[in-house]
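Which chain is which? The protein sequence lines are A and B, in order.
Number 203 in my numbering belongs to position 203 of the first sequence; there are no gaps in the numbering.
Number 355 in my numbering belongs to position 71 of the second sequence; there are no gaps in the numbering.
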Amino acid sequence: MIPGAEFIVPAAYFAAAVMFIYGLKGMSSPVTARQGMIWAGIAMLLAVLVTFIHPKVEGNYGLMLIALVSASGLAWWWARIVAMTDMPQMIALYNGMGGGSAAAIAGVELLKMHSGQSDMATTTLLVASFGAIIGSIAFSGSLVAFAKLQGWLRKTWRFPKQQLINLVVFGITILLALIIFVAGPSPFLLVLFFGFALAAGILITIPIGGADMPVIISLYNALTGLAVGFKGFVLEIPALMIAGIVVGAAGTMLTQLMAKAMNRSLTNVLFAGFGKADEDAGGG
Amino acid sequence: MEGWIALYIFMLAAFTGIEVIRRVPAILHTPLMSGSNFIHGIVVVGGMVVLGMADTTAEIVVGFIAVFLGAGNAVGGYVVTDRMLEMFKSSDKTKDKG
């Protein structure tokens, strides 16, 4: 371990958190938006670089570099070549990746617990599972939103009792989280748990029409932020908590503002399709 | 981490987020969504930490996915936001000229 890492790492994370908030503040005005983005970019670079000397990191540096470089290259390339009109679905895609990352972090933590290497406190386990659910929903939901806007998924599935089915799937996910909480995580339970959480995200998003997609993407953006915040708590990195929760709260506000600008309420966007399906079923 | 301190951090961060966004013009809604999308790309740091701690094959595979997805979120989010804000810059310039 590099001497002084116990001080350097948290100090750099702290500086990153300050720059993130300052950057986001700048982004709320057209004049300072670009400058704000540069601050946030510097913060991100600093946080990523300093993580290589994080005291908890013991190995797999090569894999880390491969993942970082390959994902960055692909994401950079795709974001560059895409047409300006396709930007909303790119936000959905990259947001989904963030949600998936948060869910995968929870997966590793739960696997570690299964192998008995980590002894999570009750609250930590609860927060980890909750973050896993939110992250998974944001992941699969965002990918469906991406596929819809990209034109890969043209159909809007609406079937009778959809709301009830969604509720059941979500209920089973919560139940599985509770079983993991009581009985401890086994690989089988974990696969089932993440499977149901991902299915919930898909089921929630498929009945929503294209016009409402920006609001939904904003909602998933807020959810990913929240999931990231929870991961920050589990991993004991306050910078993650702050960046995640600030985005979670700002994203929730933004979702409401966007819905209002479209003369829609959030419940309308989320559940309007269901009522329509019932009407259709009744009419047919 | 001490639970109550974490709760205070959550609360203060939530208020910060709301205050930062409160009076934002409608034209900035999408860039701001994109910008905040970039900021939660910080999750890549969490991915790096769990990959750095991973021992078994399963942990390493899932940890690798966490870093990969997180890095995609951060870099993709940055480029998308940058391209959006570039449009603002050029439109401002034409306004200045006119």
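Glycine included, C-beta positions come from ideal geometry on N, C-alpha and C.
Contact set between residue i and chain B, taken where Cβ atoms lie within less than 7 Å
i	result
Gly184 (chain A)	Under the 7 Å cutoff, chain B gives no residues; its nearest Cβ is about 16 Å from Gly184 (chain A).
Ser72 (chain A)	Ala355, Val359
Glu58 (chain A)	Gly336, Met337
Ser28 (chain A)	Val304, Ile305, Val308, Leu312, Leu316
Lys231 (chain A)	Val327, Gly330
Thr85 (chain A)	The premise fails here: Thr85 (chain A) is roughly 12 Å from chain B at the closest Cβ pair, so nothing lies under 7 Å.
Lys148 (chain A)	In chain order: nothing, as chain B lies at least about 17 Å away.
Ile245 (chain A)	Phe294, Ala297, Ala298, Gly301
Leu68 (chain A)	Val351, Ala355
Residue i versus the options, residue with shortest Cα-Cα distance
i	options	result
Ala128 (chain A)	A:Ala83, A:Ala17, A:Phe188, A:Leu111	A:Leu111
Gly195 (chain A)	A:Ile137, A:Gly225, A:Thr224	A:Ile137
Tyr13 (chain A)	A:Gly36, A:Leu219, A:Ala47, A:Ser28	A:Ala47
Met19 (chain A)	A:Pro207, A:Ala5, A:Gly36	A:Gly36
Pro214 (chain A)	A:Tyr22, A:Leu49, A:Thr85, A:Val9	A:Thr85
Ile179 (chain A)	A:Phe52, A:Gly244, A:Leu125, A:Lys25	A:Leu125
Trp68 (chain A)	B:Ile323, B:Val329, B:Leu316	Checking the sequence shown, residue 68 (chain A) turns out to be Leu, not Trp. With distances taken between Cα atoms, Leu68 (chain A) lies closest to B:Val329.
Chain-ordered chain A contacts of residue i [CB-CB under 7 Å]
i	result
Glu343 (chain B)	Val108, Leu111, Lys112
Tyr362 (chain B)	Gly41
Buried versus exposed, by CB contacts within 10 Å (16 or more), residue i
i	result
Gly331 (chain B)	buried
Met371 (chain B)	exposed
Pro88 (chain A)	buried
Val191 (chain A)	exposed
Lys148 (chain A)	buried
Leu143 (chain A)	buried
Ser318 (chain B)	buried
Trp39 (chain A)	buried
Pro185 (chain A)	buried
Glu58 (chain A)	exposed
Ile289 (chain B)	exposed
Tyr61 (chain A)	exposed
Glu6 (chain A)	exposed
Gly248 (chain A)	buried
Gly282 (chain A)	The predicted model places Gly282 (chain A) with a pLDDT of 37, which falls under 50 and marks its position as unreliable, so this point remains unresolved.
Lys161 (chain A)	exposed
Val228 (chain A)	buried
Val31 (chain A)	exposed
Glu343 (chain B)	buried
Leu45 (chain A)	exposed
Gly210 (chain A)	exposed
Glu286 (chain B)	exposed
Met337 (chain B)	buried
Contact set between residue i and chain B, taken where Cβ atoms lie within less than 9 Å
i	result
Thr224 (chain A)	Asn321, His324, Val327, Asn357
Leu192 (chain A)	Under the 9 Å cutoff, chain B gives no residues; its nearest Cβ is about 15 Å from Leu192 (chain A).
Ala79 (chain A)	Val359, Gly360, Gly361, Tyr362, Val363, Val364, Asp366, Arg367
Assigned secondary structure, residue i (DSSP; H/G/I helix, E/B strand, else coil)
i	result
Leu153 (chain A)	coil
His324 (chain B)	helix
Thr32 (chain A)	coil
Ile2 (chain A)	coil
Gly382 (chain B)	Residue placement at Gly382 (chain B) is flagged as unreliable, the pLDDT there being 40, under the threshold of 50; a coordinate-derived value is accordingly withheld.
Glu343 (chain B)	helix
Ile237 (chain A)	coil
Asn263 (chain A)	coil
Ser115 (chain A)	coil
Met120 (chain A)	coil
Met87 (chain A)	helix
Arg367 (chain B)	helix
Glu286 (chain B)	coil
Met337 (chain B)	helix
Phe274 (chain A)	With a pLDDT of 47 at Phe274 (chain A), under the threshold of 50, the modelled position of that residue is not reliable, and no figure is offered here.
Val82 (chain A)	coil
Val247 (chain A)	helix
Pro309 (chain B)	coil
Thr27 (chain A)	Here residue 27 (chain A) turns out to be Met, not Thr, going by the sequence shown. Met27 (chain A) falls in the coil class under three-state DSSP.
Gly284 (chain A)	Only weak support is given to the placement of Gly284 (chain A): the predicted model assigns it a pLDDT of 31, under 50, and the question is left unresolved by the model.
Partners in chain B for residue i, counting only beta-carbon separations shorter than 8 Å
i	result
Met90 (chain A)	Gly360, Val364
Trp76 (chain A)	Val359, Gly360, Val363
Val228 (chain A)	His324, Ile326, Val327, Gly330
Thr123 (chain A)	Gly287
Phe20 (chain A)	Ile323, Ile326
Can you check the region 134-213 of chain A for any alpha helix (DSSP H) of at least 4 residues that lies completely inside it and give the ranges in chain order? Counting only runs of 4 or more, we get 162-183, 187-205.
Please give me, in chain order, every unbroken run of the beta strand (DSSP E) with length at least 3 that falls completely inside the region 37-77 of chain A. Taking only runs of at least 3 residues, no beta strand (DSSP E) segment lies wholly in the region 37-77 of chain A.
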